[in-house]
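78 is the number that the numbering used here gives to position 84 of the sequence shown; each next residue is one higher, with no gaps.
Below: the structure, in structure tokens.
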Amino acid sequence: MYFTFFNINFFIKNILRHFLLFIICFTIIKCVQHDSICSKESINAACINPIHTVLTLKKRDDNLAKKIAQAHQMYIKGQPFLEASYFLEHHNISHYRRKRFIIHELINKHPDVISITYDYEMKRVKRGYLYENNLKPFIGPNYLEIYKTRKQNYNNQPIPSLPFKDPLYKEQWYLIGKETGGFDMNIREAWLMGYAGRNVSITILDDGIQIDHPDLLDNYDPIASTDINDGDDDPTPQNNGDNKHGTRCAGEVGAIANNNQCGVGVAYKANIGGIRMLDGPFSDAIEAAAFSFNQNYIDIYSASWGPEDDGKTFDGPGLKARQALYNGTKYGRNGKGNIFVWASGNGGFKQDSCSADGYITSIYTLSISSATYHNSRPWYLEECPSIIATTHSSANKNQPGIVTIDAPVGCTKSHSGTSASAPIAAGIIALALEANPSLTWRDIQHIVLRTANPIPLLNNSGWSINGVGRRISNQFGYGLMDAGAIVKLSKIWKNVPEQHLCTYKYKMAEPSPRSVIGKFQINFTLDVNDCSNGKRILYLEHVQVVSTIKYSKRGDLKLTLFSPKGTKSVILPIRPQDYNNDGIYNWPFLSVQMWGEDPRGTWTLMIESFATNNTINGTIYDWDLLLYGTEEPAQPSDLNYSPKMASIQKTKIKKGFFELVNEKLETFKNFLKFY
-5 MYFTFFNINF FIKNILRHFL LFIICFTIIK CVQHDSICSK ESINAACINP IHTVLTLKKR
55 DDNLAKKIAQ AHQMYIKGQP FLEASYFLEH HNISHYRRKR FIIHELINKH PDVISITYDY
115 EMKRVKRGYL YENNLKPFIG PNYLEIYKTR KQNYNNQPIP SLPFKDPLYK EQWYLIGKET
175 GGFDMNIREA WLMGYAGRNV SITILDDGIQ IDHPDLLDNY DPIASTDIND GDDDPTPQNN
235 GDNKHGTRCA GEVGAIANNN QCGVGVAYKA NIGGIRMLDG PFSDAIEAAA FSFNQNYIDI
295 YSASWGPEDD GKTFDGPGLK ARQALYNGTK YGRNGKGNIF VWASGNGGFK QDSCSADGYI
355 TSIYTLSISS ATYHNSRPWY LEECPSIIAT THSSANKNQP GIVTIDAPVG CTKSHSGTSA
415 SAPIAAGIIA LALEANPSLT WRDIQHIVLR TANPIPLLNN SGWSINGVGR RISNQFGYGL
475 MDAGAIVKLS KIWKNVPEQH LCTYKYKMAE PSPRSVIGKF QINFTLDVND CSNGKRILYL
535 EHVQVVSTIK YSKRGDLKLT LFSPKGTKSV ILPIRPQDYN NDGIYNWPFL SVQMWGEDPR
595 GTWTLMIESF ATNNTINGTI YDWDLLLYGT EEPAQPSDLN YSPKMASIQK TKIKKGFFEL
655 VNEKLETFKN FLKFY
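Here it is in structure tokens:
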């Protein structure tokens, strides 16, 4: 009788425990939209069993964290992150899973503990579409000194004369296009001014980098490197054929010049590090640890990955990762802010949009799109108004690709996708930071945006003029990055004024929330005057709309934002592959297309549905408009762009295409002369 009763109790306890875990998991989904974890289609062991336990103390104390871990048969894995957070691992996983709620309760009672949380697996994919035994090279006790000496010797070498003698340099069309009568990103001009990225540290967030590659070795920076997957200091990838991505990205930035190896990196004198984070289970804590690694030493983090580009996923950084991005821009580089460069995504062929990617819709990242050899839209390009600028990449096998190093050895000429675009942008930004190390993360966004060149890309449709006369595109941002112009402007740039934030809430009229059915179009208007907190904004930077819409076919929704100056920004296009029936929850859509405008006046959010029948329905809730900007203009003042210029430009857009291109060429040449 006792045996039977015990088994019934045990059975009931297990049911209750798993039900509680289900509720916890479901709550996680609803608090922050993450389509890739714990979805209704995948409530399984990956959701029930967390992949990480994270301990957060009130202040950093490595010894205390170790003692707490040991008291519960656990240990600390890797380095602390977010100041006082630690990865905890258990020596006996099965025992820990059975007892974790008891352990959780005991640890939470400690007076110096803020929380102990569980992290669930999230899916992330690399944003390159072409990919061509697991031992790592030994790192000895004096490796830091060895690498420091090697790097110093390389930096002391004089800048080599052009053209470089590296065998694939002549095939780096995106570097030498002007030599052959085409367009490029004007990187040679920056080199000829003497800039190559010296003393700038760039870290590739990826599957690791091949630190002993002969075309990278002299630039490798161990202080900017770590392995979060294995909890050690060596970012070398597993040699299994799948982990070439990070190495290729690193070569684009920092391949050594004039050494008869492969090609040349954009910032061929920069310090190149790698954080191995994509070669194993992925979680919020893993990316938070990566984003917060050595923030006062690393200048630029380059990321060529994100949520699945499948046309049906809404996903982005978790709570810890968002905190790490904020901390990096606010406190990193000793207060100047880390620069996070992000590839905008490869899901264009599935009609995906980078507006559904929370890394791209963060104000703290600088998102980069791609253009082909012919300065056309590549087939994989995703559209969104948070793209700031564009660099070159490849489109198909019939066009030349991006030259870089390969793992474990050798070179490749077929690196591609927006994966290849972000590292080029990171390299160009390194040239700017060498020219002016005092630039902040917002300075960099201003400079990249102001100097972007739309002219090579005007053969593509979709360009418009914003309220201050700049050309904008959901495909290419403000245009192709121009390294020469960026360096020139960086040298005379003054730090931007303090960033202000004004938040305006739209309250639905009764009945609230608003029910909708079938195909519809509704305009919501919001009047903006001076900010209630007393911090005026007269010059916009970022604009966010935070929205919640329950809808039975999310992909039928389209959201368009209109500024008081008439700038139209499609912040969410329709996505035919997206059949999600929950809708959008508290999602921060971002536009950088109103940059420089005065925000005062009437804003309009147009919400449309392209549903084909009335069985599709939903509910629209209150939404927030977040305006970021300054009261004073950035310096030097951008005299070429103003509301008056916008009016002139919108008249000119009616002219013939070739007449307009020639006119803009002269304008841009004069602009460069000014700087």
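Don't be surprised by glycine CBs; every beta carbon is placed ideally from N, CA and C.
Being a predicted model, the structure only gives us computed values, none of them experimental.
Query raised in the report: Along the chain, which unbroken stretches of the beta strand (DSSP E) at least 3 residues long are found entirely within the segment 552 to 620?
Result: 562 to 566, 578 to 585, 595 to 603, 611 to 614
Query raised in the report: Given that a residue counts as buried once 16 or more other Cβ atoms are within 10 Å of its Cβ, and exposed if not, what is Arg464?
Result: Stepping through the sequence shown from its first residue, residue 464 is reached at position 470. It counts as buried.
Query raised in the report: In whole angstroms, what separates the C-alpha of Ile170 from that of Glu183?
Result: As a working mapping, residue 170 is identified with position 176 in the sequence shown. As a working mapping, residue 183 is identified with position 189 in the sequence shown. Near 10 Å, if we compare the C-alpha coordinates of Glu183 and Ile170.
Report task. Indicate whether Gly257 and Gln393 have their beta-carbon atoms separated by less than 7 Å. Result -> By 1-based counting over the sequence shown, the position of residue 257 is 263. By 1-based counting over the sequence shown, the position of residue 393 is 399. Not closer than 7 Å, so no.
**Report entry** Nearest to Trp373 (by Cα), restricted to the options Ala218, Asp236, Asn390
**Finding:** For the purposes of this step, residue 373 is taken as residue 379 along the sequence shown, with counting starting at 1. With distances taken between Cα atoms, Trp373 lies closest to Asn390.
Query - Straight-line Cα distance separating Phe81 from Ile62 - result: Start at 1 with the first residue of the sequence shown, and residue 62 comes out as number 68. Start at 1 with the first residue of the sequence shown, and residue 81 comes out as number 87. Distance between the alpha carbons of Ile62 and Phe81: 12 Å.
Requested in this report: Could you tell me if Asn332 is buried or exposed, where buried requires 16 or more neighbouring beta carbons within 10 angstroms of its beta carbon?
Outcome: As a working note, residue 332 is residue 338 in the sequence shown. Asn332 should be labelled buried.
**Report entry** Collapsed DSSP secondary structure at Arg270 in the structure displayed
**Finding:** Along the sequence shown, one-based indexing puts residue 270 at 276. In the structure shown, Arg270 sits in a strand (DSSP, three-state: E or B).
Query - Enclosing alpha helix (DSSP H) for Gly188 [first to last residue] - result: Residue numbering aside, residue 188 sits at position 194 when the sequence shown is read from its first letter. Neither: Gly188 is in no alpha helix (DSSP H) and is coded neither H nor E.
Requested in this report: For Arg327, collect the residues of the same chain with a Cβ closer than 7 Å to its Cβ; drop the 5 residues on either side in sequence, then sort them by chain order.
Outcome: Against the sequence shown, residue 327 aligns to sequence position 333. Contacts found: Asn290, Asp293.
Query raised in the report: Cα separation between Glu626 and Cys405?
Result: On the sequence shown, position 632 is the one that residue 626 refers to. On the sequence shown, position 411 is the one that residue 405 refers to. Cα-Cα distance, rounded: 48 Å.
Query - Contacting residues, own chain, Cβ-Cβ under 6 Å from Ser298 (five flanking each side not counted) - result: Taking the sequence shown and counting its residues from 1, the one referred to as residue 298 is at position 304. Listed in chain order, the non-local C-beta contacts of Ser298 below 6 Å within the same chain comprise Arg121, Cys243, Ala337, Ser413, Ala416, local neighbours out to five positions each way being set aside.
Query raised in the report: Should Arg316 be labelled buried (16 or more other beta-carbon atoms within 10 Å of its own) or exposed?
Result: Position 322 of the sequence shown holds residue 316. The residue in question, Arg316, is buried, as its Cβ has 16 or more Cβ neighbours within 10 Å.
Query raised in the report: Rounded to a whole number of angstroms, what is the C-alpha to C-alpha distance between Ile354 and Leu584?
Result: Along the sequence shown, read from residue 1 onward, the residue named residue 354 stands at position 360. Along the sequence shown, read from residue 1 onward, the residue named residue 584 stands at position 590. Going by the C-alpha atoms only, they are around 8 Å apart.
Report task. Indicate the three-state DSSP secondary structure (helix, strand or coil) for Asn340 in the structure shown. Result -> For the purposes of this step, residue 340 is taken as residue 346 along the sequence shown, with counting starting at 1. Note: Asn340 maps to coil in three-state DSSP.
**Report entry** Those runs of the beta strand (DSSP E) which lie wholly inside the segment 526 to 554 and span at least 3 residues
**Finding:** 533 to 545
**Report entry** Sequence-distant residues of the same chain with beta carbon closer than 6 Å to Phe75, five excluded per side
**Finding:** As a first step, residue 75 must be located in the sequence shown, where it is residue number 81. Ala282, Ala283, Ser286.
Query raised in the report: Going by the CB atoms, is the gap between Arg118 and Phe334 shorter than 7 Å?
Result: What you label residue 334 is simply residue 340 of the sequence shown in a count that begins at 1. What you label residue 118 is simply residue 124 of the sequence shown in a count that begins at 1. Cβ atoms of Phe334 and Arg118: not closer than 7 Å.
Query raised in the report: Would DSSP call Cys348 helix, strand or coil?
Result: The residue you call residue 348 lines up with position 354 of the sequence shown. Reduced to three states, the DSSP call for Cys348 is helix.
Query raised in the report: In this structure, does DSSP put Tyr163 in helix, strand or coil?
Result: As a position in the sequence shown, residue 163 is number 169, starting the count at 1. DSSP places Tyr163 in helix when its eight states are reduced to three.
**Report entry** 7 Å Cβ cutoff met for Tyr163 and His386
**Finding:** Position 169 of the sequence shown, counting from 1, holds the residue named residue 163. Position 392 of the sequence shown, counting from 1, holds the residue named residue 386. The answer is no: Cβ separation not under 7 Å.
Query raised in the report: Is the segment 418 to 426 touching the segment 444 to 463 in the sense that three or more CB pairs, one from each, lie closer than 8 Å?
Result: no
Query - Alpha-carbon spacing of Pro630 relative to Ile486, whole angstroms - result: In the sequence shown, counting from the first residue as 1, residue 630 sits at position 636. In the sequence shown, counting from the first residue as 1, residue 486 sits at position 492. Straight-line Cα distance between these residues: approximately 8 Å.
Query raised in the report: Secondary structure at Phe95, three-state DSSP: helix, strand or coil?
Result: Start at 1 with the first residue of the sequence shown, and residue 95 comes out as number 101. Phe95: helix per DSSP, three-state reduction.
Report task. Within the same chain, show all residues whose beta-carbon is closer than 6 Å to that of Arg508, passing over the 5 residues directly before and after it, in chain order. Result -> Counting from 1 along the sequence shown, the entry for residue 508 is found at position 514. Here the set comprises Met502, Ile614.
Query - Pro157 versus Asn234, Asn254, Pro229, residue with shortest Cα-Cα distance - result: As a position in the sequence shown, residue 157 is number 163, starting the count at 1. For Pro157, the nearest C-alpha among the options comes from Asn254.
Report task. List in chain order: all unbroken beta strand (DSSP E) runs of 3+ residues lying wholly within the segment 459 to 538. Result -> For the segment 459 to 538, whole beta strand (DSSP E) runs of length 3 or above, ordered along the chain, are 494 to 500, 508 to 511, 514 to 522.
Report task. Between the Cα of Val510 and those of Tyr472, Glu602, Leu186, Cys348, spot the shortest distance and give me the residue it belongs to. Result -> The residue you call residue 510 lines up with position 516 of the sequence shown. Of the listed residues, the one whose Cα sits closest to Val510 is Glu602.
Query raised in the report: DSSP state of Cys405, grouped into three classes?
Result: One-based indexing of the sequence shown puts residue 405 at position 411. Strand at Cys405.
Query - Segments of 3+ residues assigned as beta strand (DSSP E) that fall wholly inside the segment 296 to 341 - result: 333 to 337
Report task. Just grab the DSSP bridge partners of Leu49 for me. Result -> Your numbering for residue 49 matches position 55 in the sequence shown. In the DSSP secondary-structure assignment, Leu49 is bridged to Tyr80, Ile110.
Query raised in the report: Does the count of Cβ pairs from the segment 360 to 368 and the segment 198 to 215 closer than 8 Å reach three?
Result: no
Query raised in the report: So is Asp516 buried or exposed if we call it buried at 16+ other beta carbons inside 10 Å?
Result: Translated into the one-based positions of the sequence shown, residue 516 becomes position 522. Before going further, note that residue 516 is Ile rather than Asp in the sequence given. It counts as exposed.
Query raised in the report: Around the Cβ of Lys24, are there at least 16 other Cβ atoms within 10 angstroms (buried) or fewer (exposed)?
Result: Locating residue 24 in the sequence shown gives position 30, counting from the first residue. Low per-residue confidence applies at Lys24: pLDDT is 41, beneath 50, and the placement is therefore not dependable enough to give any value.
Query raised in the report: When the Cα of Thr596 is compared with those of His239, Tyr358, Asp524, which residue comes out closest?
Result: Position 602 of the sequence shown holds residue 596. Among His239, Tyr358, Asp524, the Cα nearest to that of Thr596 belongs to Asp524.
Query raised in the report: Whole-angstrom Cβ separation of Ser546 and Asn611, contact assumed at under 8 Å?
Result: Residue mapping note: residue 546 aligns to position 552 of the sequence shown, counting from 1. Residue mapping note: residue 611 aligns to position 617 of the sequence shown, counting from 1. That pair is a contact at about 6 Å.
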